[in-house]
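I have placed the structure first, in the form of structure tokens, so that the comments after it can refer back to it.
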Amino acid sequence: MKRLCLLFVLLLSAGIQVFAQNTHTATGKVTDEKGQGYPGAGVTLKGTHTGTVTDVNGDFMLDVPDGDNIFVIQAVGYQTAEVREADQAVNVKLQVKSKELEGTVVTALAMNREKRELGYNTTTVNAEELTAGQNSSALTDLQGKVAGADITSSTGGPGGSTRIVLRGEKSILKDNNALIIVDGVITNNYDRTLANPLSQVDFGNGANDIDPDEIESITVLEGPAASALYGAAGANGAVMITTKAGKHNTSGKKSKMDITYKATYTQSDILKYPQMQSQFGQGAIYTGPVDDRGDNFSWGPAFDNQLKPWGQVIDGKQQVKPYSFEPNNLQQFYNHGNDLNNFVSLSGGNDLSTYYLSINSVNSDGVTPNTFYNKYSVRFNATTQLSNNFYSSINVNYINSYSRVEQSGQGQGGVLQSLLQVPTDIPISQLKNLNSKFNSMDYIDTAGIHRYGYFGAYSPNPFWVADYYDNRDKTDRVLGDFKIGYKKGDFNVFERVGVDGTDDVSSYKTPQINSQSADQSIYYPSYPVINTGGYQQNNYTGLRAYSDLIGTYTHTLSENFGMTALVGNNVTMIHDETLNAYINPASNGLVIPSFYNFTNNQGPVYVTNPVLDHRTYAMYADVKFNYQRELYLDLTGRNEWSSTLAPGNNSYFYPGANAAWVFTERLHGNFKDKVLDYGKVRIGTAGVSSDALPYANNPAGYTQAPIATGFGNIQPPFNSVPAYSIGSTFGASTLKPELTREYEVGADLSFLKDRIVTSFTYYNDFTHNLITAIPVPPSTGYSSEYTNVGDISNKGEELSIRGTPISTKYGLKWDIFGTYTHNVNDVESLNGGVSQLAVGSTFQGMAIVAAVGHPYGTFYASDITYWNGHAVVDPTTGLPVPTSKPVLRGSFLPKFQASWGTDLSYKGLKLHALFVTKQGGQFYSENKALMDFLGSAPETVANNRNPYVWQNSVYQVGTTNNYLPNTTKFSPYNYYANEIGQNDLPAQALVNASYIKLQELSLGYKIPQKYYKNTIFGSLEAGLFGNNLILWTAKSNKYDDPEETSSGAIGNAQGFNYNARPSLRNYGAYIKVMF
Amino acid sequence: MKRNIRSGVVCLMLAALGVSSCKKFLNVNTNPNVVQTATVQTLLPAAQLLVGSSVGVDLQIDGSIWAQYWTQDPGASQYRSLEQYAPGQDVFLTPWTNLYAAAENFFQLYKLADSQKKKQYMAISLLMKAYTFQLITDGWGDVPYRQALKGQYVDSNILNPKYDSQRVVYNGIIADIDSANKLLSTTDPVTPGTDDLIYGGKMAQWKKFSNTLKLKVYLRMSQVSPATAQAGIAALYASSPVFIGVGDDAFIGYGYNSANKNPLYAEESGLGYVQNLVASATCIDSMNSNNDPRLNIFYDTTAAGGFSGIAQGYEKATPAAGSFSIPSSYVGGNAQSASSTNAPVNLMTSYESLFLQAEVSARGWANPGMDSSLFYQAINANFNYYSTQLASATGMTAAAADAAYLAGGGYWVTYPSAGSVTQKLSYIITQKWFAMCGNQGFEAWSEWRRTGYPTFFVYSQSSIIGDNFPKRFLYPTTESTTNSNYPGFAPTTTKVWWDLL
């Protein structure tokens, strides 16, 4: 350690030298592969903006300082060459390059590096590829374009959550999302969701704030090998977003401003509706009164299409309709979503400075009534080169968003649940007018009594819910960075300070209501609608601040051998503060209805103000060696100190190494020219340690927390007496950091002059010492302890391929491309005698767990008991017997993912299509469980609802091990409405999550410039597009888009759809004009 | 030296950024959202509230259903599995967790008070921990005791506490009461005030609590260890003990504001004010046959007037609303009446104390010949406890109502002074059961398990274990899945140690 530190100091001081300023004129010639002089090639002195272009003969002259100079030669279609000056002259022969596999790429710390140098896999998606489908989320736009990434876009529409996990889930407790980095600065990818997946309000996540049109490119660093330099934060890989910037103009002429305007109009509707049975309508003929007009059950008689009264009798009147199936009923509730996106950017530059300014607005109305999402953002970037070798840049992005979103899941405020509780024959289109007494939830009758006239006795009118339950989120966010550097010759040092500050206020209104039914005859009086009303507000302030001090030094040791050294220092500060205030309808309540203010409370307002501080500092070094542009070796090391672990455990060092060999440099002749023009093999390994969540190693401590029972709670102060109880979770200072070690090997190949380009990677990750809070027996006095709990492995392959079957000089080009991702996750071991741990929250009879020997995210739920593959039933009822305890039933993780796309372009016209698929995972569908219970699910009509024998069933003889074939018929009603309905078999709500999706389809046309040559227009483009367009699911999935989630983007309990917000199909048109 | 160079280099780099000291920079990991040390004044009420919520919600519901005061409304289903005598293990998760949390808080309170020489707080924490552990062991039998509550590192980090036999737990409880008694006898100037939610720091009443608790603990051993029980009680009486009398009832009052509701009512409001609990015919019929005026306190009348119950565990159809009684707001049982919020949670009452004393006398273990008088005092204490409620419900004074009841000549009313001990016990415990209707459900169920009185319990109509009664709670799954010393599943039909019936 001592030696390493000294090395840092030496390396730093080595750069601080005084350079002589005498100059001379260098001359040179640039030739193409045939030896002809190449005109117009760019020649710059490496590390400066000093440069020129070659003349018609390929010759150039340039005044340069005395000393050892390197020239960088750039020419369209050729590999960038670096040549050392020899006797004040330079001669360069250009080499044709592989467009796909060469060029530069943004790597960790926002360093540009040549792709050929890298000993690990990265994927770069440029602006045009990224926005081909015009999704409003930059992360959703990546779907199907990055091998190794598991992207889950829950709503697919504006403001929704998008999760991106690279090379598998690695942590039980902490966020598994990749680090999202904008222009070198880590951003705050926080969840704007309520913590409870059972009644979720999903306002999206921080990463979706970045406007896709502002993005120049996204580079995904799949594994820790690529992101080791980010330390703990980069343990899950990184998504590096490079925003657009102004360009230098070295033509000598006065530069003009580039203006781009883009307008996009998108319409949205719901991608997949749950399918309803069409044979039976409202009622419950198997129990109770046949003709319960307030019922939410569709367990009534078969449809007879006869006119029949429905709903309540109000003022002696009742509505009448035919008793028949209402097709497309749910569709009557939702609107078409509209989204108008305007984007303007201004940019320019001269030889010393650049600037870029963009303004973006998104105004959209959601599909659920009253929901909306509005976002405004401004970005400003500028760079300048100062005369004394200093340079600096600034990059600022301000984002303001405001949205209203419906609550999903259970509770009176759950829109989808109240909607699904409308029986199959009740026309939803007729429930809309809340001024009609027949639909009203709260009108005052002639006696002054509050009444509801809505037909349903057990759930409120969904239109009323969507109107009165009002959940909003307002965000102000500033993120950006400031950089100042000094660059001279081979030496470059800069300091960069990045900040992401967020102010986010979310509010949740619960209306006060106390209505009696209008109809006081038999079905309604027991079901008044009562809620004391409530209000919740969460004010979140999040600050992320980073400082990087980085020095680099490039040295050419000999003509063939070079090295680049980098040392850096990073300081990270995270500070989060939240002020939560809650008037809880269950324990408190509003005084005056519709007045949502914390002074309007019946009892004390429950207020908490959690504060969270997390700091790290780190020093790192990276030394790269290259030999003849053929062999590359890269050694990295980082030592990090974290605030969240105790001294002794809070300092950790991890080294990494990777190497690349461009073996085609060894090849010559026909094989290289005609078959394999470029080939590289690479190998890498890296470790990333990851610290604990703040305060996880603290003792329990005391708070004035509410004393909770199953459903109620007592909130201190109690009768004005303060009451502090000890916390239920504790940690220990012995907590060690998590460590992920990864090995990867791969190859990048280009055949037939770039006609076929492919990249393959195999990786093997092992994460040790996972930190999580494990449950401890309550008899210890506590419920959980933070501890190092076990190990998880991820092994897999990433493959991407692109082929160009047709490419003609007339401009016709046909590309096909695809990716394949296969990851095998395994929970290797857990400590302390624990066989499994819950991931995220659980609900009765159902958990998502990490169980030893199983993949992460395995469902753990009660299911039907099986004996030798036969369902075991109860011999008296014929109903399946639930397992005595929950059983493990498959994971939410897909077995593999793939994508397939094609681009067809001819002159300015371009047709693009992209299909994506995930296969082999499962998800929990509460829509299925609920519709089974309600009798609206298609499977409830098997055998016309007459009793039948469970297929291949057996029964147990007494308590023996004897099983005999069963002949007792079961009643479908008892199975679906009781056994499923009472949540005895939650595993039966697991649905195959496999799907194929037409993710993107677009047709764009760039109008040839000849038509507007002498106008102000520089470029004109228009197009039609769709994203998330068509979904094909497994046959057994009649319910949901498997991508929908109730756990937001950050929650680890994915695959859990508890009546989540439906996902959207988006389509529209855009125009783009450049001046 | 090595360390100095390292931190020196680091600090050099940090210094450039204006960070003065690296150690200071990283020293932000003390959780600012909790306080590391509470005060005795804040810890005592929190621990008492945890006991109140357990006794007031889960033990009250489970006890009152299994003591056949209440039954599940056939139109709803929240407590159906208790009526089926087939509850899942996690029906008992909340009381197990909250009672151990309460005990943990009393344990921490004891340590804190000890370190600050606050003897009265030490005494109260010992008594309340003893009281809490009796609830735990009476519910679940063998439970972690000697190794329990020691999860944190400072308390030796025992994550798999061993289970102790119930006798060991009882011995520990008695030892704690004895220790508390010694502390109580001092004249420490520091006493609790309003932070003691039970007695407001009145140490004379804690002394009575201590004696009554000891009496109750010994009497619970009357079947399994009669000699020990008798000797213990004799020793207790030899110290001229004062027991809880009228006005000394140990209870926690609720309803001070909407966030301080009676815990049963808070539970009901959390369940959307659904009336899950209704009157059981077992209790209603027996009280009706006695013309018991206390029906007016414990239950609401039906729409037609009068009191009517639903047969225990009946679930075949939903009777019309208003055709049966529901538990009243005086016991926090009416889910739709706001006055349920004010119902107290009884921990140990004057009538309980008097019935215990009557039993001692009837058994001849102390105070011979006083049993008849104590029996009537106990009934009277129960009427007295509800005098305000009786006046408002019936317009009668407690004394008048009591007199009318005793004069009514109902069953279990005329004490058999000349009868056998068994006969006397049947009167004492059955009357105790009437008195505890819906206000001390768990204690009534425990006394029924110990003595078999009342004798007229019926099997739940939805029992799926046939003609059997549940005799214990189940260990929750948090215990069975995480404690390597978990002794294995014990079904509800396995009796606890002192239950020999």
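Protein sequences appear in the order of chains P and L. Residue numbering for the first sequence follows my numbering, beginning at 318 and increasing consecutively. Residue numbering for the second sequence follows my numbering, beginning at 22 and increasing consecutively. We treat Cβ as the ideally placed atom computed from N, Cα and C, and that holds for glycine. None of the values given here were measured: they were computed from a predicted structure.
A buried status is given to T583 (chain P), since no fewer than 16 other beta-carbon atoms sit within 10 Å of its beta-carbon. By the criterion of at least three beta-carbon pairs nearer than 8 Å, the stretch 1192-1202 of chain P is not in contact with the stretch 1107-1122 of chain P.
Taking CB atoms only, V816 (chain P) has no neighbour in chain L less than 8 Å away. The stretch 86-97 of chain L and the stretch 51-66 of chain L do not touch, with fewer than three beta-carbon pairs separated by less than 8 Å. Under the DSSP assignment, P779 (chain P) falls in the alpha helix (DSSP H) whose first and last residues are P779 to Y785. Taking A1370 (chain P) as the centre and dropping the five residues before and after it, the same chain places the C-beta of P514, V1156, G1157, S1158, I1165 and S1364 closer than 7 Å to its C-beta, in chain order.
Note that the C-beta distance between F1209 (chain P) and Q1236 (chain P) is not below 8 Å. Residue-level contact by beta carbon holds for N126 (chain L) and chain P, with a gap shorter than 8 Å. Distance from the CA atom of T1175 (chain P) to the CA atom of R1206 (chain P), rounded to whole angstroms, is 6 Å. Assignment of E876 (chain P) by DSSP, reduced to helix, strand and coil, places it in the coil class. Boundaries cannot be given for E336 (chain L), as no alpha helix (DSSP H) includes it and DSSP labels it neither H nor E. Along the stretch 1070-1103 of chain P, the positions whose C-beta sits under 9 Å from a C-beta of chain L are I1091, P1092, V1093, P1094, P1095, S1096, T1097, G1098, Y1099, S1100 and E1102, read in chain order.
Taking a contact as a CB-CB distance under 8 Å, the pair A903 (chain P) and G291 (chain L) counts as one, their CB atoms being some 5 Å apart.
The C-beta of R983 (chain P) has fewer than 16 other C-beta atoms within 10 Å across all chains shown, which makes the residue exposed. Every beta strand (DSSP E) of 3 residues or more that sits fully in the stretch 1093-1140 of chain P is shown, in chain order, as 1101-1105 and 1107-1124.
Counting along the chain, M1248 (chain P) sits inside the alpha helix (DSSP H) bounded by residues E1243 to L1251.
Judged by beta-carbon spacing, P382 (chain P) lies beyond the 8 Å limit of L447 (chain P), meaning their Cβ atoms are not closer than that value. Closer than 8 Å to the CB of N1015 (chain P) there is at least one CB belonging to chain L. The beta carbon of G1001 (chain P) lies closer than 6 Å to those of G436, Y437, A542, N975 and E1061 in the same chain, with the five residues before and after it left out. At a Cβ-Cβ threshold of 8 Å, R493 (chain L) and G162 (chain L) count as neighbours. In the three-state reduction of the DSSP assignment, T323 (chain L) falls in the coil class, being assigned neither a helical nor a strand state. By the neighbour-count criterion, in which 16 or more other beta carbons inside 10 Å mark a residue as buried, I1123 (chain P) falls on the exposed side. About 24 Å separates the CB atoms of M224 (chain L) and L240 (chain L); that is not less than 8 Å, and the two are not in contact. Not flagged as an interface residue toward chain P: L133 (chain L), since no C-beta distance is shorter than 8 Å. Residue contact check for P512 (chain L) against chain P: no CB pair falls below 8 Å. Using beta-carbon distances, T1026 (chain P) counts as an interface residue toward chain L, with a partner under 8 Å. The continuous alpha helix (DSSP H) containing N119 (chain L) extends over residues L114 to S136. P828 (chain P) does not reach chain L, its nearest Cβ partner there being about 15 Å away, counting only Cβ pairs nearer than 9 Å. For the stretch 144-174 of chain L, residues whose beta-carbon sits nearer than 8 Å to a beta-carbon of chain P comprise V164, P165, A169, L170, K171, G172, Q173 and Y174.
Burial of H1085 (chain P) is indicated by the presence of at least 16 other C-beta atoms within 10 angstroms of its C-beta. Here the alpha carbons of T418 (chain L) and S408 (chain L) stand approximately 6 Å from one another. Nearest to F988 (chain P) by alpha-carbon distance, out of P:S735, P:D821, P:S1067 and P:N1030, is P:S1067. Neighbours of D930 (chain P) in chain L, taken as residues at a C-beta separation under 7 Å, are given in chain order as V49.
Taking the Cβ atoms as the reference, L737 (chain P) lies roughly 20 Å from L1348 (chain P), outside the contact range of under 8 Å.
Fewer than three pairs of CB atoms, one per stretch, sit closer than 8 Å, so the stretch 804-823 of chain P makes no contact with the stretch 742-755 of chain P. Excluding the 5 residues flanking it on each side, E500 (chain L) has same chain C-beta neighbours closer than 8 Å at W117 and Y507, in chain order.
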